[in-house]
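When we follow full-length UniProt numbering, the leftmost residue of the sequence shown carries the number 1, and every step to the right adds one. For every residue, glycine included, the Cβ atom is placed at its ideal position computed from N, Cα and C. To start, the structure under review is shown below, and the notes come after it.
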Amino acid sequence: MKPGETLYGIAWRYGRDYRELGDANGLAPPWNIKAGQVLRLDRKGTIRQTAQASPPPRQSAPAPRPSTSTRAPAPTASKPAARAPAPAPQTRTGGQVASDIRWNWPHSGTVIANFSESGKVNKGIDIAGNPGDAVKAAANGSVVYAGNGLLGYGNLIIVNHNEHYLSAYAHNRKILVQEGEDVKAGQVIAELGSSGTDKPMLHFEIRKNGNPVDPARYLPRR
């Protein structure tokens, strides 16, 4: 292993789920590896699901105590029943909820190459843009890779959204976040560029359990 490499980046390069590859090599969360450490790619691991804690039961409000006063209540004038306030209108925050994640477009440019599993394979989508354009996180998550060690991706950012989903942002001119940093949907994480390619563009991928999936199934329609 070279300095700066991470388990996430290696798993991405070989199309493996980072949890499976880590388990195959006796690793456990947070999946830390060291320079010079040997990872066996010929082994298969197991993806261990993390049990989610159930929310505590809701406690019911205590019943009111009966009044001990012997006095008769004073007569009160009847008032018309107050109308319940109308519910506040719900505002749309943008994005599309898919697999419990609210996805947003990482860039507003035109898609110039779609996801394809046959012919000219494209593991994501390519979005046109100008050098220096803002590249934004597609959903809330944590940066698990930020570097240029993966051939063909140039300056690359990988964001972990939950146990199953990662997203990637490639060919950046400048990376504006660091590994381990939490990011919010819509946060600017890089400047669009042409590193690792012949023209300015953003190459965007979503992977589920290590496998590339079509981002068009997750991003909101334009």
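Note to self: Check whether the region 148-160 and the region 101-110 are in contact - that is, three or more C-beta pairs closer than 8 Å.
What the structure shows: no
Note to self: Contact defined as beta carbons within less than 8 Å: I believe Val-143 pairs with Gln-178. What is the distance between those atoms, to the nearest angstrom?
What the structure shows: 7 Å
Margin query: Quick check: Arg-173 and Gly-147, are their CB atoms within less than 8 Å of each other?
Written below: no
Next item on the list: Would you mind working out which of Ser-195, Ile-158, Gly-95 and Tyr-169 sits nearest Glu-181, comparing C-alpha positions?
Entry: Ile-158
Notebook entry, point to check: Just to confirm, are Ile-189 and Tyr-218 a CB contact at a threshold of 8 Å?
Noted result: no
Checklist line | Among Arg-13, Leu-202 and Gly-196, nearest to Ile-127 - alpha-carbon criterion | finding: Leu-202
Next item on the list: Reducing DSSP to helix, strand and coil, say where Ile-127 ends up.
Entry: Correct three-state label for Ile-127: strand.
Notebook entry, point to check: When burial is assigned at 16 or more other CB atoms within 10 Å of the CB, is residue 258 buried or exposed?
Noted result: The displayed coordinates of the chain run from 1 to 222. Any statement about residue 258 would go beyond what the structure contains.
Notebook entry, point to check: For Leu-166 versus Arg-207, is the C-beta spacing smaller than 8 Å?
Noted result: yes
Next item on the list: Could you name the residues of the same chain whose beta carbon sits closer than 6 Å to that of Arg-19, not counting the 5 residues immediately before and after it, in chain order?
Entry: Ile-47
Note to self: With H, G and I counted as helix, E and B as strand and the rest as coil, what does DSSP make of Tyr-165?
What the structure shows: strand
Check: When burial is assigned at 16 or more other CB atoms within 10 Å of the CB, is Ala-216 buried or exposed?
Finding: exposed
Next item on the list: Closer than 7 Å by C-beta to Pro-212: which residues in its own chain qualify, once you throw out the five before and the five after it? Chain order, please.
Entry: Contacts found: Lys-123, Gly-124 and Glu-205.
Check: Under the three-state reduction of DSSP, which class applies to Ala-170: helix, strand or coil?
Finding: strand
Item checked: Length-filtered (4 minimum) alpha helix (DSSP H) runs lying within the region 11-44 -> The region 11-44 is shown to contain whole alpha helix (DSSP H) runs of 4 or more residues at 18-24, in chain order.
Notebook entry, point to check: Ordered along the chain, which non-local residues of its own chain (more than five positions away) have a Cβ less than 8 Å from that of Arg-15?
Noted result: Going by the sequence as given, residue 15 is Gly instead of Arg. Same-chain partners within the cutoff: Gly-210, Asn-211 and Pro-212.
Notebook entry, point to check: Where Asp-42 and Trp-31 are concerned, what is the direct C-alpha to C-alpha distance, given to the nearest angstrom?
Noted result: 18 Å
Next item on the list: Report the option in Trp-105, Gln-37 and Asp-214 whose CA atom is closest to the CA atom of Ser-116.
Entry: Asp-214
Next item on the list: Identify, in the order they occur along the chain, each residue of the same chain with its Cβ nearer than 6 Å to the Cβ of Leu-39, setting aside the five sequence neighbours on each side.
Entry: Asn-25
Checklist line | Proximity below 8 Å, CB of Ile-101 to CB of Ala-139 | finding: yes
Check: Can you give the Cα-Cα distance for Thr-197 and Leu-156, rounded to whole angstroms?
Finding: Rounded to the nearest angstrom, the two C-alpha atoms are 12 Å apart.
Checklist line | Proximal residues to Gly-129 (C-beta, below 7 Å), its chain only, five neighbours per side dropped | finding: His-107, Gly-109, Leu-192, Pro-200, Met-201 and Leu-202
Check: Arg-217 by DSSP, collapsed to three states: which one?
Finding: helix
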